[in-house]
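Enquirer: Take this structure first; my questions come after.
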Amino acid sequence: RFGPVLGEMDNYLMREGTHRRLWERLGAHAMTHEGVEGVHFSTWAPNAQRVSVVGDFNGWDGRRHPMRNHPATGVFEIFIPGLGEGTVYKYEIRRADGTLLPLKADPVGFAAELRPKTASVVASIDFDWSDAAWMRHRRSAQDVNAPVSILEVHAGSWQRGPDNRFLTYDELADRLVPYASDMGFTHVELLPVTEHPFDGSWGYQPVGLFAPTSRFGDPAAFARFVDKCHAAGIGVLLDWVPGHFPTDPHGIGRYDGTALYEHEDPRQGFHQDWNTLIYNYGRPEVANYLHANALFWIERYHLDGLRVDAVASMLYLDYSRKEGEWVANRHGGRENLEAIDFLRRMNELTYGERDDIITIAEESTSWPGVSKPVWTGGLGFGYKW
(Lines of atoms letter the chains of each structure in order from A and count residues from 1; the text may use other names and numbers.)
(Lines give C-alpha, C1' and ligand atoms only; values in the text may rest on other atoms or scores of the structure.)
Protein backbone atom coordinates (compact mmCIF):
# COMPACT_ATOMS: atom_id res chain seq x y z
CA ARG A 1 0.00 0.00 0.00
CA PHE A 2 1.42 3.36 -1.04
CA GLY A 3 1.59 6.45 1.12
CA PRO A 4 -0.69 9.46 0.61
CA VAL A 5 -0.09 12.03 -2.11
CA LEU A 6 -2.20 14.73 -0.46
CA GLY A 7 -0.34 16.79 2.13
CA GLU A 8 -1.36 18.76 5.19
CA MET A 9 -1.52 22.01 3.22
CA ASP A 10 -3.86 20.41 0.68
CA ASN A 11 -6.12 19.22 3.48
CA TYR A 12 -6.08 22.64 5.13
CA LEU A 13 -6.91 24.53 1.93
CA MET A 14 -9.65 22.09 0.92
CA ARG A 15 -11.21 22.26 4.36
CA GLU A 16 -11.14 26.07 4.22
CA GLY A 17 -12.51 26.13 0.67
CA THR A 18 -9.52 28.10 -0.64
CA HIS A 19 -7.62 25.54 -2.75
CA ARG A 20 -7.40 27.56 -5.95
CA ARG A 21 -5.86 24.73 -7.95
CA LEU A 22 -8.13 21.99 -6.75
CA TRP A 23 -7.72 20.13 -10.03
CA GLU A 24 -4.06 19.49 -9.21
CA ARG A 25 -5.07 17.33 -6.23
CA LEU A 26 -8.56 15.97 -6.94
CA GLY A 27 -9.36 13.86 -9.98
CA ALA A 28 -7.05 11.33 -11.64
CA HIS A 29 -3.38 12.05 -12.32
CA ALA A 30 -0.86 9.79 -14.00
CA MET A 31 2.38 10.15 -12.02
CA THR A 32 5.40 8.49 -10.52
CA HIS A 33 4.85 8.00 -6.79
CA GLU A 34 7.45 6.48 -4.49
CA GLY A 35 9.39 5.46 -7.59
CA VAL A 36 6.47 3.63 -9.23
CA GLU A 37 4.39 4.71 -12.24
CA GLY A 38 0.63 4.68 -11.86
CA VAL A 39 -2.41 6.90 -11.33
CA HIS A 40 -3.44 8.84 -8.25
CA PHE A 41 -7.21 9.15 -7.72
CA SER A 42 -8.84 11.53 -5.26
CA THR A 43 -12.43 12.62 -4.61
CA TRP A 44 -14.45 14.48 -1.98
CA ALA A 45 -17.17 12.34 -0.34
CA PRO A 46 -17.26 13.24 3.38
CA ASN A 47 -20.38 11.25 4.28
CA ALA A 48 -19.39 8.03 2.54
CA GLN A 49 -18.62 4.86 4.46
CA ARG A 50 -16.29 3.69 1.70
CA VAL A 51 -15.11 4.90 -1.71
CA SER A 52 -13.36 2.67 -4.24
CA VAL A 53 -11.99 3.16 -7.74
CA VAL A 54 -13.44 0.69 -10.24
CA GLY A 55 -12.79 -0.04 -13.90
CA ASP A 56 -11.82 -2.76 -16.34
CA PHE A 57 -8.49 -3.01 -14.52
CA ASN A 58 -10.19 -4.60 -11.49
CA GLY A 59 -13.34 -6.05 -13.03
CA TRP A 60 -15.38 -3.13 -11.66
CA ASP A 61 -15.04 -4.73 -8.23
CA GLY A 62 -15.13 -2.16 -5.43
CA ARG A 63 -13.44 -4.54 -3.01
CA ARG A 64 -10.19 -4.39 -4.96
CA HIS A 65 -9.14 -0.76 -4.57
CA PRO A 66 -10.76 0.95 -1.56
CA MET A 67 -9.45 4.46 -1.01
CA ARG A 68 -7.81 6.07 2.03
CA ASN A 69 -10.05 8.54 3.87
CA HIS A 70 -8.83 11.86 5.20
CA PRO A 71 -11.45 12.40 7.96
CA ALA A 72 -10.63 16.09 8.41
CA THR A 73 -11.68 16.88 4.84
CA GLY A 74 -13.77 13.92 3.72
CA VAL A 75 -11.41 13.42 0.77
CA PHE A 76 -10.59 9.87 -0.31
CA GLU A 77 -7.41 9.02 -2.24
CA ILE A 78 -5.47 6.07 -3.61
CA PHE A 79 -2.45 5.49 -5.84
CA ILE A 80 -2.83 2.48 -8.12
CA PRO A 81 0.38 1.27 -9.79
CA GLY A 82 0.48 0.16 -13.40
CA LEU A 83 -2.35 2.35 -14.66
CA GLY A 84 -1.91 5.26 -17.05
CA GLU A 85 -3.58 7.68 -19.44
CA GLY A 86 -6.60 6.21 -21.17
CA THR A 87 -7.74 4.24 -18.11
CA VAL A 88 -11.55 4.22 -17.86
CA TYR A 89 -12.84 4.49 -14.31
CA LYS A 90 -15.64 5.43 -11.93
CA TYR A 91 -16.05 5.69 -8.18
CA GLU A 92 -18.03 3.11 -6.24
CA ILE A 93 -19.42 4.94 -3.21
CA ARG A 94 -21.03 3.25 -0.24
CA ARG A 95 -23.42 5.41 1.76
CA ALA A 96 -23.08 5.82 5.51
CA ASP A 97 -25.75 3.12 5.94
CA GLY A 98 -23.70 0.69 3.86
CA THR A 99 -25.82 0.71 0.70
CA LEU A 100 -24.22 1.32 -2.67
CA LEU A 101 -24.90 4.33 -4.87
CA PRO A 102 -24.94 4.19 -8.66
CA LEU A 103 -21.36 4.33 -9.92
CA LYS A 104 -20.19 7.93 -10.12
CA ALA A 105 -18.12 9.73 -12.73
CA ASP A 106 -15.28 11.86 -11.38
CA PRO A 107 -16.42 15.43 -10.51
CA VAL A 108 -12.90 16.59 -11.42
CA GLY A 109 -12.35 14.18 -14.31
CA PHE A 110 -10.39 15.66 -17.22
CA ALA A 111 -12.03 13.50 -19.89
CA ALA A 112 -15.05 11.23 -20.30
CA GLU A 113 -16.24 8.37 -22.45
CA LEU A 114 -18.35 9.20 -25.48
CA ARG A 115 -22.02 9.25 -24.59
CA PRO A 116 -24.11 7.23 -23.90
CA LYS A 117 -21.24 5.80 -21.84
CA THR A 118 -20.57 7.85 -18.72
CA ALA A 119 -17.26 6.81 -17.16
CA SER A 120 -14.32 9.14 -16.68
CA VAL A 121 -11.01 8.69 -18.51
CA VAL A 122 -7.53 9.39 -17.17
CA ALA A 123 -6.12 12.13 -19.41
CA SER A 124 -3.26 14.60 -19.49
CA ILE A 125 -3.93 18.33 -19.46
CA ASP A 126 -0.35 19.29 -20.33
CA PHE A 127 -0.18 20.82 -23.79
CA ASP A 128 2.52 22.31 -26.01
CA TRP A 129 1.12 25.79 -26.60
CA SER A 130 2.24 28.08 -29.42
CA ASP A 131 0.14 31.13 -28.56
CA ALA A 132 2.74 33.22 -26.72
CA ALA A 133 2.26 36.12 -29.14
CA TRP A 134 -1.50 36.19 -28.49
CA MET A 135 -1.04 35.96 -24.73
CA ARG A 136 1.31 38.96 -24.84
CA HIS A 137 -1.19 40.88 -26.96
CA ARG A 138 -4.31 39.86 -25.04
CA ARG A 139 -4.35 42.76 -22.62
CA SER A 140 -4.69 45.35 -25.39
CA ALA A 141 -7.04 43.15 -27.43
CA GLN A 142 -9.43 42.83 -24.50
CA ASP A 143 -9.11 46.30 -23.04
CA VAL A 144 -12.48 47.79 -22.15
CA ASN A 145 -11.96 50.45 -24.84
CA ALA A 146 -10.97 47.96 -27.55
CA PRO A 147 -13.52 47.05 -30.24
CA VAL A 148 -15.18 43.70 -29.69
CA SER A 149 -17.37 41.52 -31.91
CA ILE A 150 -18.27 38.09 -30.57
CA LEU A 151 -19.45 35.10 -32.61
CA GLU A 152 -21.58 32.82 -30.44
CA VAL A 153 -21.24 29.22 -31.63
CA HIS A 154 -22.79 25.89 -30.70
CA ALA A 155 -20.08 23.47 -31.75
CA GLY A 156 -22.58 20.69 -32.35
CA SER A 157 -24.73 22.50 -34.90
CA TRP A 158 -22.79 25.39 -36.47
CA GLN A 159 -21.77 23.00 -39.22
CA ARG A 160 -21.87 19.23 -39.56
CA GLY A 161 -19.71 16.66 -41.30
CA PRO A 162 -20.73 13.86 -43.68
CA ASP A 163 -23.76 11.86 -42.56
CA ASN A 164 -24.67 14.77 -40.28
CA ARG A 165 -21.96 13.85 -37.77
CA PHE A 166 -20.45 16.35 -35.36
CA LEU A 167 -17.28 18.11 -36.44
CA THR A 168 -14.19 17.35 -34.40
CA TYR A 169 -12.42 20.14 -32.53
CA ASP A 170 -9.76 20.11 -35.27
CA GLU A 171 -12.32 20.28 -38.07
CA LEU A 172 -14.15 23.04 -36.24
CA ALA A 173 -10.92 25.03 -36.03
CA ASP A 174 -10.21 24.51 -39.74
CA ARG A 175 -13.64 25.87 -40.70
CA LEU A 176 -14.54 28.30 -37.93
CA VAL A 177 -11.28 30.21 -37.57
CA PRO A 178 -11.10 31.44 -41.20
CA TYR A 179 -14.83 32.21 -41.16
CA ALA A 180 -14.57 34.28 -37.99
CA SER A 181 -11.50 36.08 -39.32
CA ASP A 182 -13.12 36.86 -42.66
CA MET A 183 -16.23 38.18 -40.92
CA GLY A 184 -14.22 40.45 -38.64
CA PHE A 185 -15.03 38.81 -35.32
CA THR A 186 -12.62 39.40 -32.45
CA HIS A 187 -13.85 36.50 -30.32
CA VAL A 188 -15.60 33.16 -30.51
CA GLU A 189 -17.90 32.32 -27.60
CA LEU A 190 -18.60 28.61 -27.38
CA LEU A 191 -21.85 27.39 -25.93
CA PRO A 192 -20.88 25.03 -23.11
CA VAL A 193 -18.39 22.38 -24.18
CA THR A 194 -18.07 20.94 -20.69
CA GLU A 195 -19.12 17.28 -20.68
CA HIS A 196 -22.89 16.73 -20.68
CA PRO A 197 -25.09 13.66 -21.19
CA PHE A 198 -27.91 15.12 -23.31
CA ASP A 199 -27.28 16.60 -26.77
CA GLY A 200 -30.52 18.56 -26.59
CA SER A 201 -29.30 20.59 -23.62
CA TRP A 202 -26.69 22.30 -25.87
CA GLY A 203 -24.28 21.78 -22.98
CA TYR A 204 -26.28 23.76 -20.44
CA GLN A 205 -26.71 20.71 -18.18
CA PRO A 206 -23.10 19.67 -17.53
CA VAL A 207 -21.90 16.76 -15.43
CA GLY A 208 -18.18 17.09 -16.19
CA LEU A 209 -17.13 20.66 -15.51
CA PHE A 210 -13.43 19.87 -15.91
CA ALA A 211 -13.73 17.87 -19.15
CA PRO A 212 -14.15 19.16 -22.71
CA THR A 213 -16.92 17.02 -24.14
CA SER A 214 -15.72 13.91 -25.94
CA ARG A 215 -18.33 14.48 -28.67
CA PHE A 216 -15.78 16.52 -30.56
CA GLY A 217 -12.48 14.99 -29.42
CA ASP A 218 -10.11 14.68 -26.50
CA PRO A 219 -8.62 17.40 -24.26
CA ALA A 220 -5.57 17.82 -26.51
CA ALA A 221 -7.84 18.43 -29.51
CA PHE A 222 -9.73 21.14 -27.64
CA ALA A 223 -6.43 22.76 -26.70
CA ARG A 224 -5.44 22.74 -30.38
CA PHE A 225 -8.72 24.47 -31.22
CA VAL A 226 -7.94 27.28 -28.77
CA ASP A 227 -4.36 27.46 -30.04
CA LYS A 228 -5.52 27.84 -33.65
CA CYS A 229 -7.96 30.58 -32.70
CA HIS A 230 -5.20 32.46 -30.91
CA ALA A 231 -2.85 32.03 -33.89
CA ALA A 232 -5.43 33.93 -35.96
CA GLY A 233 -5.82 36.64 -33.32
CA ILE A 234 -9.23 35.43 -32.17
CA GLY A 235 -10.08 35.18 -28.48
CA VAL A 236 -12.02 32.23 -27.08
CA LEU A 237 -14.76 32.61 -24.47
CA LEU A 238 -16.54 29.75 -22.73
CA ASP A 239 -20.20 29.76 -21.80
CA TRP A 240 -19.80 28.59 -18.19
CA VAL A 241 -22.64 27.03 -16.17
CA PRO A 242 -22.18 27.35 -12.39
CA GLY A 243 -25.89 27.81 -11.72
CA HIS A 244 -27.23 24.26 -11.80
CA PHE A 245 -26.50 20.66 -12.79
CA PRO A 246 -28.59 17.67 -13.92
CA THR A 247 -29.84 14.77 -11.84
CA ASP A 248 -28.22 12.00 -13.91
CA PRO A 249 -27.27 9.19 -11.53
CA HIS A 250 -23.58 9.19 -12.54
CA GLY A 251 -23.28 12.91 -11.74
CA ILE A 252 -22.67 14.84 -8.54
CA GLY A 253 -26.26 14.81 -7.30
CA ARG A 254 -26.31 13.12 -3.86
CA TYR A 255 -22.72 12.24 -4.59
CA ASP A 256 -21.97 10.54 -1.28
CA GLY A 257 -25.59 9.67 -0.48
CA THR A 258 -26.33 13.14 0.88
CA ALA A 259 -27.08 16.53 -0.64
CA LEU A 260 -23.38 17.33 -0.94
CA TYR A 261 -23.10 19.83 -3.79
CA GLU A 262 -26.77 20.82 -3.70
CA HIS A 263 -29.25 21.90 -1.01
CA GLU A 264 -31.28 19.24 0.79
CA ASP A 265 -34.46 21.37 0.70
CA PRO A 266 -35.91 21.32 -2.86
CA ARG A 267 -37.14 24.88 -2.35
CA GLN A 268 -33.47 25.84 -2.41
CA GLY A 269 -31.85 22.96 -4.27
CA PHE A 270 -34.14 22.05 -7.17
CA HIS A 271 -34.77 24.14 -10.27
CA GLN A 272 -38.36 23.55 -11.35
CA ASP A 273 -38.02 24.97 -14.86
CA TRP A 274 -35.06 22.85 -15.86
CA ASN A 275 -35.45 19.82 -13.55
CA THR A 276 -31.92 20.40 -12.33
CA LEU A 277 -30.16 20.77 -8.99
CA ILE A 278 -28.83 24.05 -7.60
CA TYR A 279 -25.39 24.38 -6.05
CA ASN A 280 -25.08 25.19 -2.36
CA TYR A 281 -22.86 28.27 -2.71
CA GLY A 282 -22.72 28.72 1.05
CA ARG A 283 -20.73 25.52 1.48
CA PRO A 284 -17.01 26.42 1.24
CA GLU A 285 -16.03 23.21 -0.55
CA VAL A 286 -18.72 23.70 -3.20
CA ALA A 287 -17.82 27.34 -3.84
CA ASN A 288 -14.17 26.27 -4.03
CA TYR A 289 -15.02 23.55 -6.56
CA LEU A 290 -16.62 26.10 -8.87
CA HIS A 291 -14.05 28.84 -8.30
CA ALA A 292 -11.26 26.39 -9.09
CA ASN A 293 -13.11 25.31 -12.22
CA ALA A 294 -13.23 28.89 -13.50
CA LEU A 295 -9.49 29.23 -12.91
CA PHE A 296 -8.89 25.82 -14.52
CA TRP A 297 -10.30 26.81 -17.91
CA ILE A 298 -8.46 30.12 -17.92
CA GLU A 299 -5.14 28.66 -16.82
CA ARG A 300 -5.01 25.20 -18.36
CA TYR A 301 -6.84 25.91 -21.63
CA HIS A 302 -5.75 29.53 -22.10
CA LEU A 303 -9.35 30.69 -22.41
CA ASP A 304 -9.74 34.44 -22.64
CA GLY A 305 -12.87 34.77 -20.59
CA LEU A 306 -16.05 33.27 -19.23
CA ARG A 307 -19.64 34.12 -20.06
CA VAL A 308 -21.51 33.09 -16.91
CA ASP A 309 -24.87 31.55 -17.73
CA ALA A 310 -28.20 32.30 -16.04
CA VAL A 311 -26.91 34.72 -13.41
CA ALA A 312 -30.44 35.94 -12.66
CA SER A 313 -31.46 32.42 -11.62
CA MET A 314 -28.58 32.47 -9.13
CA LEU A 315 -29.25 35.91 -7.66
CA TYR A 316 -32.92 35.50 -6.75
CA LEU A 317 -34.17 32.89 -4.29
CA ASP A 318 -37.66 33.22 -5.75
CA TYR A 319 -36.54 32.96 -9.37
CA SER A 320 -39.42 31.32 -11.28
CA ARG A 321 -41.05 30.27 -7.99
CA LYS A 322 -44.44 30.97 -6.49
CA GLU A 323 -45.15 32.03 -2.92
CA GLY A 324 -44.30 29.18 -0.56
CA GLU A 325 -41.89 27.57 -3.03
CA TRP A 326 -38.77 29.38 -1.83
CA VAL A 327 -36.88 30.11 1.38
CA ALA A 328 -36.05 33.70 2.32
CA ASN A 329 -32.53 34.76 3.25
CA ARG A 330 -31.51 35.60 6.83
CA HIS A 331 -32.87 39.11 6.41
CA GLY A 332 -36.20 37.91 5.09
CA GLY A 333 -35.40 38.96 1.53
CA ARG A 334 -35.30 37.19 -1.81
CA GLU A 335 -31.67 37.89 -2.67
CA ASN A 336 -29.40 34.84 -2.65
CA LEU A 337 -26.67 36.21 -0.41
CA GLU A 338 -24.44 33.15 -0.81
CA ALA A 339 -24.65 33.34 -4.62
CA ILE A 340 -23.81 37.04 -4.52
CA ASP A 341 -20.72 36.30 -2.43
CA PHE A 342 -19.83 33.43 -4.75
CA LEU A 343 -20.00 35.56 -7.90
CA ARG A 344 -18.05 38.40 -6.35
CA ARG A 345 -15.33 36.04 -5.20
CA MET A 346 -15.26 34.33 -8.60
CA ASN A 347 -14.56 37.65 -10.29
CA GLU A 348 -11.97 38.62 -7.70
CA LEU A 349 -10.15 35.33 -8.21
CA THR A 350 -10.25 35.22 -12.00
CA TYR A 351 -9.24 38.85 -12.50
CA GLY A 352 -6.74 38.49 -9.67
CA GLU A 353 -5.04 35.58 -11.41
CA ARG A 354 -5.28 36.93 -14.96
CA ASP A 355 -6.21 40.58 -15.17
CA ASP A 356 -6.24 40.48 -18.99
CA ILE A 357 -9.23 38.11 -19.20
CA ILE A 358 -12.89 39.14 -19.24
CA THR A 359 -15.97 37.86 -17.43
CA ILE A 360 -19.46 38.41 -18.77
CA ALA A 361 -22.74 38.00 -16.90
CA GLU A 362 -25.84 36.78 -18.69
CA GLU A 363 -28.14 38.70 -16.38
CA SER A 364 -31.67 39.46 -17.55
CA THR A 365 -32.99 41.68 -14.74
CA SER A 366 -32.25 45.15 -13.41
CA TRP A 367 -29.89 43.93 -10.68
CA PRO A 368 -27.68 46.94 -9.86
CA GLY A 369 -23.92 46.98 -10.29
CA VAL A 370 -23.43 43.78 -12.28
CA SER A 371 -20.34 45.20 -13.98
CA LYS A 372 -19.25 47.46 -11.14
CA PRO A 373 -16.15 46.54 -9.10
CA VAL A 374 -16.63 44.40 -6.02
CA TRP A 375 -15.04 47.06 -3.81
CA THR A 376 -17.86 49.47 -4.75
CA GLY A 377 -20.56 46.89 -3.96
CA GLY A 378 -20.89 45.50 -7.48
CA LEU A 379 -20.69 41.91 -8.67
CA GLY A 380 -17.37 42.52 -10.38
CA PHE A 381 -18.10 41.34 -13.94
CA GLY A 382 -16.36 43.00 -16.86
CA TYR A 383 -19.52 43.06 -18.95
CA LYS A 384 -23.22 42.33 -18.75
CA TRP A 385 -24.66 40.29 -21.63
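Position one of the sequence shown corresponds to residue 954 (this note's numbering), numbered consecutively onward. Beta carbons: idealized from backbone N, C-alpha and C, even for Gly.
(1) Whole beta strand (DSSP E) runs in the stretch 1003 to 1028 with 3 or more residues, listed along the chain?
(2) Whose CA, out of K1337, D1084, Y1304 and I1310, lies closest to the CA of W1320?
(3) Assuming T1139 and S1093 make a contact with CB atoms under 8 Å, what is their CB distance in whole Å?
(4) Can you name, in chain order, every residue of its own chain whose Cβ lies under 6 Å from the Cβ of P1060, other than the five neighbours on each side?
(5) CB G1335 to CB V1327, shorter than 8 Å?
(6) Quick one: grab the DSSP three-state call for F1063.
(7) Quick one: what's got a C-beta closer than 8 Å to H1018's C-beta in the same chain, skipping five residues either side?
(8) The alpha helix (DSSP H) with P1237 in it runs from where to where?
(9) L1036 to N1289, Cα distance in whole Å?
(10) Compare the Cα-Cα distances from L1213 to each of Q1225, F1198 and D1180 and report the closest residue.
(11) Compute the Euclidean distance between the alpha carbons of R1253 and G1277, then round it to the nearest angstrom.
(12) Take E987 as the anchor and find which of R978, G956 and A998 has the nearest alpha-carbon.
(13) Let me confirm a value: Y1208 is counted as buried when at least 16 other C-beta atoms fall within 10 Å, else exposed. Which label applies?
(14) Which ranges would you report for the beta strand (DSSP E) in the stretch 1049 to 1126 if only whole runs of at least 3 residues count?
(15) Taking only three categories from DSSP, how would you classify L1213?
(16) Out of curiosity, what's the CA-to-CA distance linking G1188 and D1257?
(17) Return yes when the Cβ of V1075 is within less than 8 Å of the Cβ of E1045, no when it is not.
(18) In this structure, does DSSP put D1171 in helix, strand or coil?
(19) Per DSSP, what kind of secondary structure is S1319 in: helix, strand or coil?
(20) Have a look at S1110 and A1025 and give me their C-alpha separation to the nearest angstrom.
(21) Going by DSSP in three states, A998 sits in which element: helix, strand or coil?
(22) Among the candidates W997, G1196 and R1260, whose CA atom is the shortest distance from the CA of G1222?
(23) Thinking Y1242 and L975 are a contact (beta carbons under 8 Å), I'd like their distance in whole angstroms, please.
Expert: The relevant details are as follows:
(1) Along the length of the stretch 1003 to 1028, whole beta strand (DSSP E) runs at least 3 residues long occupy 1003 to 1008 and 1021 to 1023, reported in chain order.
(2) Locating residue 1320 in the sequence shown gives position 367, counting from the first residue. The option with the nearest alpha carbon to W1320 is K1337.
(3) Here residue 1139 corresponds to residue number 186 of the sequence shown, with the count starting at 1. Here residue 1093 corresponds to residue number 140 of the sequence shown, with the count starting at 1. That pair is no contact at about 12 Å.
(4) Taking the sequence shown and counting its residues from 1, one reaches residue 1060 at position 107. Closer than 6 Å at Cβ, skipping near neighbours: I1205.
(5) As a first step, residue 1335 is located in the sequence shown; it is residue number 382 there, counting from the start. As a first step, residue 1327 is located in the sequence shown; it is residue number 374 there, counting from the start. No. Outside cutoff.
(6) Taking the sequence shown and counting its residues from 1, one reaches residue 1063 at position 110. In the displayed model, F1063 falls within coil according to three-state DSSP, outside both helix and strand.
(7) Here residue 1018 refers to the residue found at position 65 of the sequence shown. Cβ-Cβ distances below 8 Å link H1018 to S1005, V1006, V1007, N1011, I1031 and I1033 in the same chain, with the five nearest sequence neighbours on each side left out; the list follows chain order.
(8) Translated into the one-based positions of the sequence shown, residue 1237 becomes position 284. Residue range P1237 to R1253 is occupied by the alpha helix (DSSP H) that includes P1237.
(9) Against the sequence shown, residue 1036 aligns to sequence position 83. Against the sequence shown, residue 1289 aligns to sequence position 336. Between L1036 and N1289, the C-alpha separation is close to 44 Å.
(10) For this step, residue 1213 is matched to residue 260 along the sequence shown. Residue F1198 is the option with its Cα nearest to L1213.
(11) Here residue 1253 corresponds to residue number 300 of the sequence shown, with the count starting at 1. Here residue 1277 corresponds to residue number 324 of the sequence shown, with the count starting at 1. Roughly 43 Å separates the two Cα atoms.
(12) Against the sequence shown, residue 987 aligns to sequence position 34. With distances taken between Cα atoms, E987 lies closest to G956.
(13) Mapped onto the sequence shown, residue 1208 falls at position 255. Counting every other CB atom within 10 Å of its CB across the protein chains shown gives Y1208 a total of 16 or more, marking it as buried.
(14) Fully contained in the stretch 1049 to 1126 are the following beta strand (DSSP E) runs of length 3 or more, in chain order: 1103 to 1106.
(15) On the sequence shown, residue 1213 is found 260 positions in, with the first residue counted as 1. Shown here, L1213 sits in coil according to DSSP, grouped into three states, outside any helix or strand.
(16) Here residue 1188 refers to the residue found at position 235 when the sequence shown is read from its first residue. Here residue 1257 refers to the residue found at position 304 when the sequence shown is read from its first residue. Those two C-alpha atoms are separated by around 6 Å.
(17) Your numbering for residue 1045 matches position 92 in the sequence shown. Your numbering for residue 1075 matches position 122 in the sequence shown. Against a cut-off of 8 Å, the Cβ pair of V1075 and E1045 comes out as no contact.
(18) Numbered from 1 along the sequence shown, position 218 holds the residue referred to as residue 1171. Coil at D1171, not helix or strand.
(19) Within the sequence shown, numbered from 1, the residue matching residue 1319 stands at position 366. S1319 falls in the coil class under three-state DSSP.
(20) Within the sequence shown, numbered from 1, the residue matching residue 1110 stands at position 157. Within the sequence shown, numbered from 1, the residue matching residue 1025 stands at position 72. Roughly 46 Å between the two C-alpha positions.
(21) By 1-based counting over the sequence shown, the position of residue 998 is 45. Looking at A998 - three-state DSSP - the assignment turns out to be coil, as it is neither helix nor strand.
(22) By one-based count along the sequence shown, residue 1222 stands at place 269. If we check each option's Cα against that of G1222, G1196 comes out closest.
(23) Position 289 of the sequence shown, counted from the start, is the residue given in the question as residue 1242. Position 22 of the sequence shown, counted from the start, is the residue given in the question as residue 975. That belief holds up - the Cβ atoms of Y1242 and L975 are roughly 6 Å apart, short of 8 Å.
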